[in-house]
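Peer 1:
Okay, here's the thing in structure tokens:
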């Protein structure tokens, strides 16, 4: 089941009612049943995976808590991490690796009999695997006690708002809430529903409209020129923002309506003045996860090497983040590029600060705007790799960008709608960034304004939304 | 070395790492209070602290440092 | 708490009221199929894909064949992406047909594509690609308003079509396309596009004995309720070439099917009815074609010898 299916619109209110009718102590059971039903509706067999990851994580974290021996604890931690990573590797990377190895062997005139694996990637597997790993490491670090109730662990791994595409939550935040959930409150319901409404708007009206154009351009590299690619390249970050950001908001809102606080995943990313700031505002749950569980341990062990140690740790962390997004060389290139951007920034922090200081640029609106545009451009360029299906395709795109100009392909109706509503989204982000608390619409003091705004956005979604079942991040 | 001596020593390290000559620390100071104290500079800070006190932290201890007070406590336990 | 639910209630009522108003004003522009499921069960049907959906206008049949069948005619055609003959379509036709019909007219528009196996089909296991699309997913095709359609086929709605009103579904199931280009170059581009499409699918799809069999069953079923015509509508020469290469014996196989109780009329190569895009007729050509078709049907021995019904 996906959030944009009609099925969900029946499922969600029903689960809300049932969950609030269950006494708080047992609410996790209702939610667990609902979550398993939700996941079952994608492909039943995949439920075995979530259940397996739950069992393994539960068993190993309990064992870790039971042993005072640090060495044994570390071994148990690694055991679980490797074990629950296996399905992810198998489903996501086996085929690519197999194909590459076969090609290599064929080049050496050797035949290699392993069959191709065409299994579908279990949706959400990258997300809940990371959540379970985070929990395991938290228990190892003694930041958390291992949860004794397996039902709560199972719910953490499969909680339906988060299971398909995050945010990648932490056990430290979710487990206490599952143990003693909040009482039914009008404020939670109304906040949650508002977030969901805006999320649907971002996803269906902005992202999917822009997506039609971008898909068209990227589907046919041969016939589209550099001007079209320039438009597609510029729009793609906005599509991704609407897509994953919107989907995250729906998830956060759904959880909120049921009384659970889930972390924000995006914080107006396009108003960042540097790449490092951008990565503190974009897909926050993933990037903090990578910081805490990959970058920090790596840079800690490389710390003797000073700045170079940090650079290597950064590159490795983003390389892993790239591979997490997709099992292909394009994502490796994408990850490396992010690592390089951040390393360069880390290396020049001081000189850039001096420069801003000397000319008094830090507070100048035009300089801030320019920095935002520069940061955006870097990100948009790096996303060409993520959007292309092969490395050579991305190089073709870059070549076209610099040489092949002409009249761009224009899909008037989709572009007008997409860009018009993108402007609305950006205005709203601009207000939250620079004029917090002003020009409130969804939270206006007047009921009439609020009411009309909800109605207007609702009908925007109905009339201008692209109703489809596809969501970019599912297969990541 | 007692806590105030540790604090004093830290007060020489922090301003150089973060390039803020006037920066003076308190026990409740956290990363979000200092401009430029991010995950990158944090590791530089850690290795500077280790060097000048002649100690090594464990990763686990690193995760427990939520503010400067925690850091002082962990340093004190190692001296 | 109470205040919140009150407001939520008001919101829901406002949404439903506005939606109803909108659908009653513009419903026929907003969905090409919704209107097919809001009529009572019918006596005479046209089935097929978009060729017959836009090319066979029931009103013309009503006028031309008045008194000879249980009319009015109803166009129960869809588009090539979901209309294929098979057990699903047969079941849907069964539901749409008034079981008391004795003298209906059933025009089944056929093409090689509508009798093909496609990606997603595993006919030997009873898995059909079309099973969760309209009309095959509708258990109740004769309800107005039809909430089942909203629930199952919300994806088909495209509300923004209201602005252009480029096409419209009439109450008799006929789909009127306003967007037919007159410019020769635009028409050539459409021809090119469609030929590419057909060439592409002829590589991936394959002729299906199973679907042929089901078409035969459909004929046998409908024959009990009236006159059945298997109709191959006009195509361009290029499209004919692609179809002939894809399925060489298509015509003889259809003649075989027709033996179970239908007349087979093949107009595929009747180039006096030119298509504007390779496979669709514009309004005037469709009218001329419809008249010619009615003349033929009127002269069927079984029809000719029957007394006109009052």
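Residue numbers (this note's numbering), protein chains in the order written: chain G, 846 to 1321; chain P, 6 to 84; chain H, 274 to 583. Glycine included, every Cβ here is placed at the ideal spot set by N, Cα and C. Here the structure is a predicted model, which is why all the values come from computation and not from measurement.
1) With a 10 Å radius around its C-beta and 16 neighbouring C-beta atoms as the bar for buried, classify residue 890 of chain G as buried or exposed.
2) Across which residues does DSSP place residue 305 of chain H in a beta bridge pair?
3) Note the first and the last residue of the continuous beta strand (DSSP E) segment covering residue 449 of chain H.
4) Taking only the alpha-carbon atoms, compute the straight-line gap between residue 1320 of chain G and residue 1060 of chain G and give it to the nearest angstrom.
5) In the DSSP assignment, find the unbroken beta strand (DSSP E) run with residue 382 of chain H in it and report its ends.
6) Could you pull the start and end residues of the beta strand (DSSP E) that residue 318 of chain H belongs to?
7) Would the C-beta of residue 940 of chain G count as close to the ligand COA, meaning under 7 angstroms from any of its heavy atoms?
8) Indicate the three-state DSSP secondary structure (helix, strand or coil) for residue 1148 of chain G in the structure shown.
9) DSSP three-state call for residue 870 of chain G: helix, strand or coil?
10) In its own chain, which residues sit with a C-beta less than 7 angstroms from the C-beta of residue 1286 of chain G, not counting the 5 before and 5 after it?
11) Under 7 angstroms Cβ to Cβ from residue 1223 of chain G, same chain only, skipping five residues before and after it: list those, please.
12) Does residue 65 of chain P get closer than 8 angstroms to chain G when you measure Cβ to Cβ?
13) Starting from the C-beta of residue 863 of chain G, find all residues in its chain whose C-beta is less than 6 angstroms away, skip the five residues before and the five after it, and write them out in chain order.
14) Where does residue 1174 of chain G sit, in a helix, a strand or coil, going by DSSP?
15) When the Cα atoms are used, what is the spatial distance from residue 486 of chain H to residue 413 of chain H?
16) Per DSSP, residue 502 of chain H forms a beta bridge with which residues?
17) Does the count of Cβ pairs from the segment 1171-1181 of chain G and the segment 1225-1235 of chain G closer than 8 angstroms reach three?
18) Confirm, please, whether the CB-CB distance from residue 1111 of chain G to residue 1098 of chain G is below 8 angstroms.
19) How big is the Cα-Cα spacing for residue 368 of chain H and residue 362 of chain H?
20) Measure the alpha-carbon distance for residue 1301 of chain G versus residue 1081 of chain G and round it to whole angstroms.
21) Under 8 angstroms: do the segment 903-913 of chain G and the segment 1124-1140 of chain G share three or more Cβ pairs, one atom per stretch?
22) Of all the CB atoms in chain G, is at least one closer than 8 angstroms to the CB of residue 287 of chain H?
23) Does residue 375 of chain H pass the burial test, meaning 16 or more other C-beta atoms within 10 Å, or should it be called exposed?
24) Just to confirm, are residue 543 of chain H and residue 507 of chain H a CB contact at a threshold of 8 angstroms?
25) Please state if the CB of residue 500 of chain H and the CB of residue 378 of chain H are separated by a distance shorter than 8 angstroms.
26) From residue 44 of chain P to residue 910 of chain G, what distance separates their C-alpha atoms?
27) Buried or exposed for residue 19 of chain P, please, with buried defined as at least 16 other CB atoms from any protein chain shown within 10 angstroms of its CB.
28) Examine the Cβ distances between the segment 447-458 of chain H and the segment 320-336 of chain H and report whether three or more of them are shorter than 8 angstroms.
29) Would you say residue 1031 of chain G reaches chain H, if we count a Cβ-Cβ gap shorter than 8 angstroms as a contact?
30) What residues in its chain sit with their C-beta under 6 angstroms from that of residue 867 of chain G, if we drop five residues either side in the sequence?
31) If you measure between the beta carbons of residue 467 of chain H and residue 394 of chain H, is that distance less than 8 angstroms?
32) Would a check of beta-carbon distances place residue 1148 of chain G closer than 8 angstroms to chain P?
33) Quick test of your reading: residue 1306 of chain G and residue 1045 of chain G, contact by CB under 8 angstroms. State the CB separation rounded to the nearest angstrom.
34) Using a Cβ-Cβ cutoff of less than 7 angstroms, which residues in the same chain neighbour residue 860 of chain G once the five nearest sequence positions on both sides are dropped?
35) Can you list, in chain order, the residues of its chain with a C-beta nearer than 7 angstroms to that of residue 1016 of chain G? Leave out the 5 residues immediately preceding and following it.
36) I'd like the list of long-range same chain contacts for residue 567 of chain H, defined as Cβ closer than 8 angstroms, with 5 residues on each side in sequence excluded.
Peer 2: In this structure, then:
1) Locating residue 890 of chain G in the first chain gives position 45, counting from the first residue. Burial state of residue 890 of chain G is exposed, judged by a 10 Å Cβ sphere holding fewer than 16 other Cβ atoms.
2) Here residue 305 of chain H is taken as the residue at index 32 of the third chain, counted from 1. For residue 305 of chain H, which the question treats as bridged, DSSP gives no partner whatsoever.
3) For the purposes of this step, residue 449 of chain H is taken as the residue at position 176 of the third chain. That run of the beta strand (DSSP E) goes 448-450.
4) The residue labelled residue 1320 of chain G in the question sits at position 475 within the first chain. The residue labelled residue 1060 of chain G in the question sits at position 215 within the first chain. In this prediction, residue 1320 of chain G has a pLDDT of 35, which is less than 50 and means its spatial position is unreliable; what the coordinates show is noted afterwards. Approximately 17 angstroms, taken between the alpha carbons.
5) Here residue 382 of chain H corresponds to residue number 109 of the third chain, with the count starting at 1. Residue 382 of chain H -> beta strand (DSSP E) spans 377-382.
6) Taking the third chain and counting its residues from 1, one reaches residue 318 of chain H at position 45. Note, residue 318 of chain H: beta strand (DSSP E), 317-320.
7) Questions concerning the ligand COA fall outside what the structure shown contains, since it holds no ligand whatsoever.
8) Sequence index remark: in the first chain, residue 1148 of chain G carries index 303 (1-based). Residue state, collapsed to three classes: helix.
9) Stepping through the first chain from its first residue, residue 870 of chain G is reached at position 25. Three-state result, residue 870 of chain G: helix.
10) Taking the first residue of the first chain as 1, we reach residue 1286 of chain G at position 441. The residues are 1294, 1298.
11) For the purposes of this step, residue 1223 of chain G is taken as residue 378 along the first chain, with counting starting at 1. The answer, listed in chain order, is 1120, 1186.
12) For the purposes of this step, residue 65 of chain P is identified with residue 60 of the second chain, where counting begins at 1. True, the Cβ-Cβ gap to chain G drops below 8 angstroms.
13) Here residue 863 of chain G refers to the residue found at position 18 of the first chain. If we look at residue 863 of chain G and ignore the five residues flanking it on each side, its Cβ neighbours are 875.
14) The residue given as residue 1174 of chain G occupies position 329 in the first chain. Reduced to three states, the DSSP call for residue 1174 of chain G is helix.
15) Along the third chain, read from residue 1 onward, the residue named residue 486 of chain H stands at position 213. Along the third chain, read from residue 1 onward, the residue named residue 413 of chain H stands at position 140. Computed Cα separation, rounded: 26 angstroms.
16) In the third chain, residue 502 of chain H corresponds to position 229, counting from 1. Paired residue(s): H:380, H:536.
17) Segments in contact, yes.
18) Here residue 1098 of chain G refers to the residue found at position 253 of the first chain. Here residue 1111 of chain G refers to the residue found at position 266 of the first chain. No, these two residues do not count as a Cβ contact at 8 angstroms.
19) Looking up residue 368 of chain H in the third chain gives position 95. Looking up residue 362 of chain H in the third chain gives position 89. C-alpha separation (whole angstroms): 10 angstroms.
20) If you number the first chain from 1, residue 1301 of chain G lands on position 456. If you number the first chain from 1, residue 1081 of chain G lands on position 236. Taking the straight line from one Cα to the other gives about 26 angstroms.
21) no
22) Translated into positions along the third chain, residue 287 of chain H becomes position 14. By this cut-off, residue 287 of chain H is an interface position.
23) Stepping through the third chain from its first residue, residue 375 of chain H is reached at position 102. It counts as exposed.
24) The count along the third chain starts at 1 and reaches residue 543 of chain H at position 270. The count along the third chain starts at 1 and reaches residue 507 of chain H at position 234. Yes. Within cutoff.
25) As a first step, residue 378 of chain H must be located in the third chain, where it is residue number 105. As a first step, residue 500 of chain H must be located in the third chain, where it is residue number 227. It is a contact, given that the beta carbons lie within the stated cut-off.
26) Along the second chain, one-based indexing puts residue 44 of chain P at 39. Along the first chain, one-based indexing puts residue 910 of chain G at 65. About 29 angstroms.
27) The count along the second chain starts at 1 and reaches residue 19 of chain P at position 14. Counting Cβ neighbours within 10 Å, residue 19 of chain P comes out buried, since at least 16 surround it.
28) These segments touch.
29) On the first chain, position 186 is the one that residue 1031 of chain G refers to. Closer than 8 angstroms to some Cβ of chain H, the Cβ of residue 1031 of chain G qualifies, so yes.
30) To locate residue 867 of chain G, count along the first chain from 1; it is residue 22. Correct list, in chain order: 875.
31) Counting from one through the third chain, the residue named residue 467 of chain H turns up at place 194. Counting from one through the third chain, the residue named residue 394 of chain H turns up at place 121. No, the Cβ-Cβ distance between residue 467 of chain H and residue 394 of chain H is not below 8 angstroms.
32) Within the first chain, the letter at position 303 stands for residue 1148 of chain G. Interface residue, yes.
33) In the first chain, counting from the first residue as 1, residue 1306 of chain G sits at position 461. In the first chain, counting from the first residue as 1, residue 1045 of chain G sits at position 200. At roughly 5 angstroms, the Cβ-Cβ gap stays under 8 angstroms, so residue 1306 of chain G and residue 1045 of chain G are in contact.
34) As a first step, residue 860 of chain G must be located in the first chain, where it is residue number 15. Excluding residues within five positions, the ones whose Cβ falls inside 7 angstroms are 879.
35) On the first chain, position 171 is the one that residue 1016 of chain G refers to. 979, 980, 983, 989, 1001, listed in sequence order.
36) Within the third chain, residue 567 of chain H is the residue found at index 294, counting from 1. 333, 334, 337, 338, listed in sequence order.
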